[in-house]
Ligand code: FUC
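Residue numbers (mature numbering (1 follows the signal peptide of the UniProt record, and there is no 0)): -27 to -1, 1 to 754.
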């Protein structure tokens, strides 16, 4: 695609003056592949650096000229060690707190809960940085023709510039899933060769850096304590340099490796900790990193890079998205973000979508940890909210785009985490509630802590594990793998049993409700945040019971339990519409009294999205009430909360409203120059939630119903998406023109009956495995 000079100039003028000033004299064109983030200048801040990752090892690449920094992460390097935060005192005090809540004495209940029902310690362990790899290039200063980029398709970060002597330097960085290594390739085109001084550093404890053979470094250390939980993880980072030509001197005394006059250099960085499982830190990171380095010896950077790209593309290339391209797409990524509030740049939304899929593949791979609040990337020992797993929205949001954008494999770490939470959560359920099954509250960490933390007004919410179970079910519903369903059914049944044992009959209505609980983090203006039976809990439990009943039915299991779940589900408090026409957040019509009318959480809309209990076509009265709630809450919130609103408006089929909010999300207030989501500060959920919102605008998958272009905004008149996935193993391609569907292709991998909806028309189809079906608007006449 080509653009006139006028178009390009107009797009550039929309960029900020500051950004324009940063441009070097010699402009470098955009990379050919549009699926790249790229910049004219090195990163000076972490939120300008570019992320790479293989699910376990991560690095943020700064792209400096005289000094390159790779900030390093290993996904199991958290503070602390296995610990038990369960508070046995809770069991005796629970009845009193429940009684106070039912009596409306919320402040008293909250005070008592804070004294007696909370985890010890009151805070969980943070995810932490491992440290940095620093490359100093003596003699390099100013450069021209500078460009750094992150190729989302190759999964490679590249920095390229011309030094003063005219020599072209190229630096490539990858994170290989197959070789479990970060690899760096340094080349310089001139006669003189490359000089570089290499160090590893870490802010952790007991850190030592020693020479590791003639061209290597070994950094070892131990993690820190947090809230009285002593650190007991050992970790290692091992670097090996393969130098072509030149001389290498290892200065072991100050942990430096000096290389002079090399033709090219490949660096391999292996990292590991002694973490084996949430209850086992018996691993040997020194041996593990040695084995990893030994395995890559004899391989080449080119080979490892090709394998890395192939492994990445196997997932990444499943989906293609074209929302149209304008001249703005020619600009560097930071300038596009800066200009996004006024420019016409639909390709920026597509780039954001692809970046989210890239991040998912890099942060969440089978066998590893799930994506935490910062995915895999964190430069701090004490990051915001501990960079943990907040399971009252944030972790769930991370995984919203995974199934519909054909990244079901990436959900495996989340499923594994739930398997472990069911173990720790069983003890929490028994000891603190006297209940069967298992429970997890609003947060967890590497050690799978499940007791309520941070204060009753944030943490005393028992529904986090139940919400995660809906993701277990969704993974089944998209893939329909019977053996998988058998393996997760006990987790779902365990979560359901906890609520069968702990639901309370509301004395004023007779319905079953959770108590104590809250509508996550939103004070209701009647003495605090705690309450009985918030709308969100009722909706999550409706899903949990329904899905567990369905699973039991498919597996022909647990007849007695199914009966209990049916009875409980039918006795849950129903949705209510309040005096302002809104969907009520609490059992009482307190919404208008709540001090924060624009509160970021919209928990009571869970039934509209991510769940499908409320749908404009099926439950129009509730959908109208949900719409009223959204209008009252407003469009702009923290990053993730903004992203949630996009999904909600898309479910209401208001594409233009959803797009307005998406535009705000893509702007400089909610997106950093490296495209990381700004809560602020950085939190990755908004990236994933934003991508999920784009999917919701284009395709809806609800039970056996597939909605085609349910919320297409005017801003994307012509475009296409291929490879989306609907429930029941069906792939979907969509092409549209002038705001109308042109053609849809369904590619079923399982036979079954589907209702396809296009606006208010519908068509019932019998799909056959492996037989694609092509539909045009005429098929809906
Ligand atoms: C929840 C949200 C905050 C933040 C934190 C990590 O507590 O209310 O906004 O996202 O999680």
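Note that CB positions come from ideal geometry on N, CA and C, so glycine has one too. Since the model is a prediction, treat every value here as computed from it, not as a measurement.
Reduced DSSP category for residue i - H, G, I as helix; E, B as strand; rest coil
i	result
residue 754	coil
residue -6	Its pLDDT being 37, under 50, residue -6 is placed unreliably in this model, and the value from its coordinates should be taken loosely. Residue -6: coil per DSSP, three-state reduction.
residue 18	coil
residue 56	coil
residue 713	strand
residue 454	coil
residue 240	strand
residue -1	With a pLDDT of 48 at residue -1, under the threshold of 50, the modelled position of this residue cannot be trusted; read the value that follows with caution. If DSSP states are grouped into helix, strand and coil, residue -1 belongs with coil.
residue 406	helix
residue 367	helix
residue -11	With a pLDDT of 33 at residue -11, under the threshold of 50, the modelled position of this residue cannot be trusted; read the value that follows with caution. Residue -11: helix per DSSP, three-state reduction.
residue 675	strand
residue 689	coil
residue 87	helix
residue 657	coil
residue 758	The structure shown does not extend to residue 758, since the chain spans only -27 to 754, so no value can be given for it.
residue 208	strand
residue 535	helix
residue 215	strand
residue 734	strand
residue 326	helix
residue 421	coil
residue 650	strand
Residue from the options whose Cα sits closest to the Cα of residue i
i	options	result
residue 560	571, 491, 754	491
residue 292	536, 668, 700	668
residue 746	737, 719, 752	719
residue 485	544, 455, 529	544
residue 522	583, 465, 645, 510	465
residue 58	424, 563, 527, 635	424
residue 289	317, 314, 332, 52	332
residue 608	740, 213, 623	623
residue 173	229, 341, 205	229
residue 41	716, 23, 28, 515	23
residue 564	586, 605, 526	605
residue 187	223, 312, 150	223
residue 430	68, 81, 15, 13	81
residue 678	665, 724, 729, 714	729
residue 189	117, 73, 351, 213	213
residue 726	734, 715, 713, 742	742
residue 28	336, 343, 694	336
Beta-carbon contacts of residue i that lie in its chain and below 6 Å, excluding the five residues immediately before and after
i	result
residue 362	345, 368, 417
residue 409	470, 474
residue 628	670, 684, 685, 686
residue 646	21, 307
residue 402	408, 410, 411, 412, 471
residue 654	357
Contacting residues, own chain, Cβ-Cβ under 8 Å from residue i (five flanking each side not counted)
i	result
residue 103	45, 46, 47, 50, 175, 177, 208, 210, 244
residue 129	25, 123, 145, 146, 147, 278, 281, 282
residue 597	554
residue 637	314, 608, 609, 615, 643
residue 562	549, 551, 552
Expected contact under 8 Å - CB spacing of residue i and residue j to nearest Å
i	j	result
residue 663	residue 83	Residue 663 to residue 83, Cβ: 34 Å. No contact.
residue 98	residue 420	6 Å
residue 146	residue 25	6 Å
residue 442	residue 468	5 Å
residue 542	residue 519	7 Å
residue 458	residue 524	6 Å
residue 566	residue 498	4 Å
residue 717	residue 740	Contact flag wrong, Cβ pair sits at about 13 Å.
residue 379	residue 696	6 Å
residue 107	residue 169	10 Å between Cβ atoms; not a contact.
residue 702	residue 723	4 Å
Own chain, CB closer than 7 Å to residue i, minus 5 neighbours either side, in chain order
i	result
residue 710	691
residue 516	443, 584
residue 115	137
residue 252	55
residue 392	464
residue 235	166, 167, 216, 217, 218, 219
Proximity test, Cβ basis, 8 Å: residue i and chain B
i	result
residue 30	Within the model displayed, chain B is absent; a lone protein chain is all it includes.
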